[in-house]
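Residue numbers (the working numbering): 69 to 825. Everything below concerns the one structure shown next.
In structure tokens:
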């Protein structure tokens, strides 16, 4: 569990919080294998026996004061007595991890009647739902991705293959020859469900095949997949092929409809629900889409993308970001109750309305992936990574604080408990998933005792499935049966933060990556609520306010001219990166405008991706890291600004740009021809690239560019500091310099207004 705060010295009063203008909160990665310093938790059993405070229900930790007959809560100070069990346990401190560490991970006993324990089978279940209203290229990519997925699945997992178009196809691969049973989808969106239940078409346990014994037959079934033809879809729906007239000219015949995704997902969730709690504890569905659902229930109207919003005086971003219909959000709630988590992989450059579809993935605990084409898609690598890393499910996350402050807003892909405050439920959580909280004071006086530390405690309760391999017969026999058990665990982390004595201490303790993390969460919500323009204004206004507060705190002359206002935070190294981060955020597709060519589906994809990243990864995605090398085996400088001037002044021949989703190796046009291009596989640069690729949740695209020989447009697009903040490209007198001046002017106005008042 990694926890990073925006400031390591907390503001002591409400006045100090308002005066510093810094975001106050934390970013939490609960299922990370170690803390932010790389230290793993102390593990053990007895998670159900950790003492709880009688007043605030916080857990005992090593930060609590021990008395002879009891303990004082580190959060609220309440003196709690020991019960007999705790008194006996604490006589043997080595057997009580919570006595020795503030970061523990403890097993909780699970009653077999509740679906857990060593005696209950809870096999991992995976289902691939493949769109057949597609192209041959799409289908070839999906086949490659599913072959990679099969290699990543652990033996004993159950796998099901389903297809959808105007009909649903269920594959039985447990016999000598793969068999497919079809159920036709009603074209009427008002019709409730399928004419025939999927269970009646094929029993679920015939559909779910053991991967270890049926991998070859699953592969054979994949090879039989073919796109459905227009004729098939038309015949099934009773449509004639329509001849479309555009501008008085007869165009190609087209068929309206054919991708019954909504009906297929609804039927699949209902199908799987019958074995929830017996065969499986969590079923993961991988839904592969080549376009928008345009048939049956959940049909989405893509015509809104072609509307001429500008001519109507309508904000296109505000019009395209909300969901069209609540169908997929409602379906996600049904999926949660059925123990089904859905990951959506959209491979298309057409408008698919991810604004509506995203809820089915993120609210069921899954992820949303978008690939613009099949040529250079990293889908096979991404699904292999997804299945190779551990995940927890059925998670409950609770953040508690000491009594003078409290959690304000919470951010991330979870949903709040309907009954208890500050309790979030997470359906499925991997080691990268990150959530955020900001804080408020309970009263205007702030911390009642500035000498006492502020305390945060995070409790994360979760389930995992662990394999138990049993060899059949004697040890000489090679056959093995695979059994899985459900484990429930409690992870606890208690942290202390000292209140700052003055604003300078707050500024010196800032973590700019975490500040950006919370800022991005806030601006995404603002964009969804009021539009991208409002989001942009919010970010710019915040940076100007921070600059004004910084200058007011550190300047001896409040009436200094605007030209002397320091927007570079020259006396505070911890703040100096923030102007560049905010400038890059305004330049990113997340906040660029629709008329600048940002596709609404891509913006939605980035919103989903960015709101789940941990702070360091998010910072790279917003403001990439540019490293120079004097040779493939020698690094020259660890970080440059993103400008052409930096490249020229560096005089290094090789640059590595890490933009999180892209890794670019760029050779300068003046690089010595004797330097090998691309770099050799055994050099330092390649080693660095391989390490970077392994350390992230998605597969970055790797591109090699030789300046002067190859097209350098991709690399140069990241050199944003000479670009205008409104996205008009390379222009004289604009870019980051002009942005700084605009921040300085607004900061000066804030200072003058406050002097005048």
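Even for Gly, the Cβ is constructed at its ideal location relative to N, Cα and C. Predicted model, so just to flag it, every value in this text is computed and none were measured.
*Reduced DSSP category for residue 230 - H, G, I as helix; E, B as strand; rest coil*: strand
*Since residue 438 is in the beta strand (DSSP E), which residue starts that stretch and which ends it?*
436-439
*Give the single residue among 326, 425 and 158 whose Cα lies nearest to the Cα of residue 673.*
425
_I need the boundaries of the beta strand (DSSP E) containing residue 618, first residue and last residue._
It is not in any beta strand (DSSP E) - residue 618 instead sits in the alpha helix (DSSP H) that spans 600-622.
_Whole beta strand (DSSP E) elements within the region 746-790, 3-residue minimum_ = 769-774
*Decide if the region 360-374 is in contact with the region 275-292; the criterion is three or more beta carbon pairs, one per stretch, under 8 angstroms apart.*
no
*Does the region 78-86 come within contact of the region 107-117, defined as at least 3 CB pairs closer than 8 angstroms?*
no
*Looking only at its own chain, which residues have a Cβ that is under 7 angstroms from the Cβ of residue 430, when we skip the five neighbours before and after it?*
436, 481 and 676
*Residue range of the unbroken alpha helix (DSSP H) whose run includes residue 95*: Element bounds for residue 95: not the alpha helix (DSSP H) but the beta strand (DSSP E), 93-97.
_Per the DSSP calculation, residue 148 is bridged to which residue(s)?_
139
_Taking the beta carbon of residue 201 as the centre, do at least 16 other beta carbons fall within 10 Å, making it buried, or is it exposed?_
buried
_Measuring alpha carbon to alpha carbon, tell me which residue in 761, 416 and 619 is nearest residue 62._
Look at the range of the chain in this structure, 69 to 825, and you will see that residue 62 is not part of it.
_Are the CB atoms of residue 652 and residue 815 within a distance shorter than 9 angstroms?_
no
*How long is the line joining the alpha carbons of residue 717 and residue 385, rounded to whole angstroms?*
39 angstroms
*Separation of residue 413 from residue 446, as counted between CA atoms*: 11 angstroms
_DSSP three-state label for residue 531, please._
strand
_List, from N- to C-terminal side, the beta strand (DSSP E) runs of 3 residues or more that fit wholly inside the region 324-361._
351-357
*Determine contact between the region 558-569 and the region 123-134, defined as no fewer than three beta-carbon pairs at a distance below 8 angstroms.*
yes
_Between which residues of its own chain and residue 455 is the CB-CB distance below 7 angstroms, once the five residues before and five after are set aside?_
217, 220 and 221
*Would you please state the rounded distance, in angstroms, between the beta carbons of residue 237 and residue 250? I believe it to be under 8 angstroms.*
5 angstroms
*To the nearest angstrom, how far is it from the Cα of residue 699 to the Cα of residue 520?*
52 angstroms
*Confirm, please, whether the CB-CB distance from residue 788 to residue 710 is below 9 angstroms.*
yes
*Where does the unbroken alpha helix (DSSP H) through residue 804 begin, and where does it stop?*
804-824
*Using the Cα positions of residue 564 and residue 142, report the straight-line distance between them to the nearest angstrom.*
9 angstroms
*asked:* Mapping the DSSP letters down to three states, classify residue 131 as helix, strand or coil.
replied: coil
*Measuring CB to CB, does residue 728 end up less than 9 angstroms from residue 770?*
no
_With three or more C-beta pairs closer than 8 angstroms as the rule, is the region 90-105 touching the region 141-156?_
no
*Could you give the distance in angstroms between the alpha-carbon of residue 615 and the alpha-carbon of residue 573?*
16 angstroms
*Does any C-beta atom of chain B lie closer than 9 angstroms to the C-beta of residue 246?*
No chain B appears in the structure shown, which is made up of a single protein chain.
*So does the region 226-233 actually touch the region 449-468, counting three or more Cβ pairs closer than 8 angstroms?*
no
*asked:* Within a Cβ cutoff of 8 angstroms, which residues of the same chain sit near residue 418, ignoring the five residues on either side of it in sequence?
replied: 359, 360 and 370
*Reducing DSSP to helix, strand and coil, say where residue 800 ends up.*
Unreliable positioning characterises residue 800 in this predicted model, as indicated by a pLDDT of 38, which lies under 50. The coordinate reading is nonetheless provided below. Of the three classes helix, strand and coil, the one that applies to residue 800 here is coil, per DSSP.
*Report the rounded CA-to-CA distance for residue 663 versus residue 420, giving the unit in angstroms.*
18 angstroms
*Apart from the five residues on each side of it in sequence, which residues of its chain come closer than 8 angstroms, Cβ to Cβ, to residue 555?*
175, 178, 184, 531, 532, 533 and 534
_Rounded C-alpha distance that separates residue 733 from residue 528_ = 40 angstroms
*Under 7 angstroms Cβ to Cβ from residue 122, same chain only, skipping five residues before and after it: list those, please.*
146 and 148
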